[in-house]
Amino acid sequence: MAKKKEDKDSKKKVLVVGGSGQLGSALVSQLDEKFDVLGTYFFNKRSNLIKLDVTKKDKVFETIKQISPDIIILTSAFTHIDNCEIMKPLANDLNINGVKNVVKAAKSVKAKLVFISSYYVFNGKKEMYSERDKPDPLNHYGITKLQSEEEVSKLDEYMIVRSSKIFDIDDRTYVSSLMSSVKAKEYVNVASDQYTNPITANYLAEIIALLIEKNRKGIFHVGGKQYLSMYSFAKKIIRYFNLDTNYIKPIKCSKIRQIAKRPLKCGLKTDKVEKSLGITIKSFSTMMKDLKKRYKKK
């Protein structure tokens, strides 16, 4: 028993802020073996997580001081793109002021901060973006992520991970909703002119874990191997689960009822992260095989 305690104490302590979300929950699972991991939630209550509202500065400081983590991973955000446009004050509070609170608290305990950002910081006119490309967000969500990046980069110890579209199969995700609609024989319109290189939450968590283990710093782009239109992506998902692709219908992004502008051609180059970690990004089909295995277990 003493040896187990010693092993636990020798592990670095990681706090995942937003540990109940799609990526956050994947990170909690992924990091559990090599780190002493704690997570927080706000809306999606989980019995093994601590409730934390990042907009409450005093509570953020109190929680982080009490835990005293070596590393904080900030995944929580207001991610509904159109609602960020409608409710800008709320988006600012959660995505900018909340980040500022975590940044200051991280500095107070000398913790490294890993911030999860987005391909939405770019305007989508270039197709594939590297870490050296200048951000130019088209919508308020992208603006909040970019401003948060600027706050995080003031720290001495930080890493910013910009991700492409993240997908998974739990009940709250785009893929789950897509599959449910097709199973119900409902037609789904999907943008045929909006492109990125999607990545599963589990695989993204795996790469972030490697970056943390190797103590990498700075900005890294992480996305899938294949650059796809959202229409092609949706059809591949449906086909892979042996459902009827005829229910997936192509539509121009401009014809979809959306309030916020979307970056249309916005993939992320992964050369830097692959070279830094000595890996080759998995193919879309390999990610889908992993996803299907997990789907069968549910």
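Reminder that position 62 of the sequence shown reads as 126 in the numbering used here, one-by-one numbering, no gaps. The C-beta atom is built at its ideal place from N, Cα and C for all residues, glycine as well. Since we're looking at a predicted model, the values are computed, not measured.
Query, Result
"Residue 221 versus residue 283: straight-line alpha-carbon distance, rounded", "12 Å"
"Inter-residue spacing [alpha-carbon to alpha-carbon] between residue 281 and residue 251", "44 Å"
"Bridge-paired residues (DSSP) for residue 264", "231"
"Where residue 140 falls, given that 16 or more other Cβ within 10 Å makes a residue buried", "buried"
"Three-state class that DSSP yields for residue 314 in the structure shown", "strand"
"Closest Cα partner of residue 343 within the set 267, 227 and 298", "267"
"Residues bridged to residue 285 (per DSSP)", "226"
"Distance between residue 278 and residue 136 (C-alpha atoms, nearest Å)", "15 Å"
"Status (buried if at least 16 other CB within 10 Å, exposed otherwise) for residue 112", "exposed"
"Bridge-paired residues (DSSP) for residue 118", "According to DSSP, which records beta bridges pairwise, residue 118 is partnered with nothing at all."
"Distance CB(residue 186)-CB(residue 327) smaller than 7 Å", "yes"
"Same chain, Cβ closer than 6 Å to residue 307, five either side skipped, listed in chain order", "246"
"Own chain residues within Cβ distance below 8 Å of residue 129, not counting five before or after", "169, 172 and 173"
"Bridge partners - residue 104, DSSP secondary structure assignment", "114"
"For residue 224, the nearest candidate out of 181, 206, 320 and 232 (CA to CA)", "181"
"Exposure of residue 373, with buried meaning 16 or more beta-carbon neighbours within 10 Å", "Because the chain spans 65 through 362 in this model, residue 373 falls outside it and cannot be assessed."
"Cβ-based burial, residue 335 [other Cβ within 10 Å; buried from 16]", "exposed"
"Inter-residue spacing [alpha-carbon to alpha-carbon] between residue 249 and residue 273", "39 Å"
"Assumed close pair residue 85, residue 92 - CB separation to whole angstroms, cut-off 8 Å", "Going by Cβ atoms, the distance from residue 85 to residue 92 rounds to 10 Å, so no, they are not a contact pair."
"Reduced DSSP secondary structure (H/G/I, E/B, other) of residue 343", "coil"
"CA-to-CA distance, residue 74 to residue 152, given in whole angstroms", "43 Å"
"Same chain only: Cβ atoms within 8 Å of residue 230, ignoring 5 sequence neighbours per side", "86, 87, 262, 263, 264, 265 and 268"
"Heavy atom of the ligand ADP within 6 Å of residue 239 beta-carbon", "Of the ligands one can find in the structure shown there are none, so the ligand ADP has no counterpart to examine."
"Per-residue burial, residue 320 [other beta carbons within 10 Å of its own, 16 or more giving buried]", "exposed"
"Per DSSP, the bridge partner or partners of residue 186", "Looking at the DSSP assignment, residue 186 forms no beta bridge with any residue, so it has no partner."
"Under 7 Å between C-beta atoms of residue 144 and residue 226", "no"
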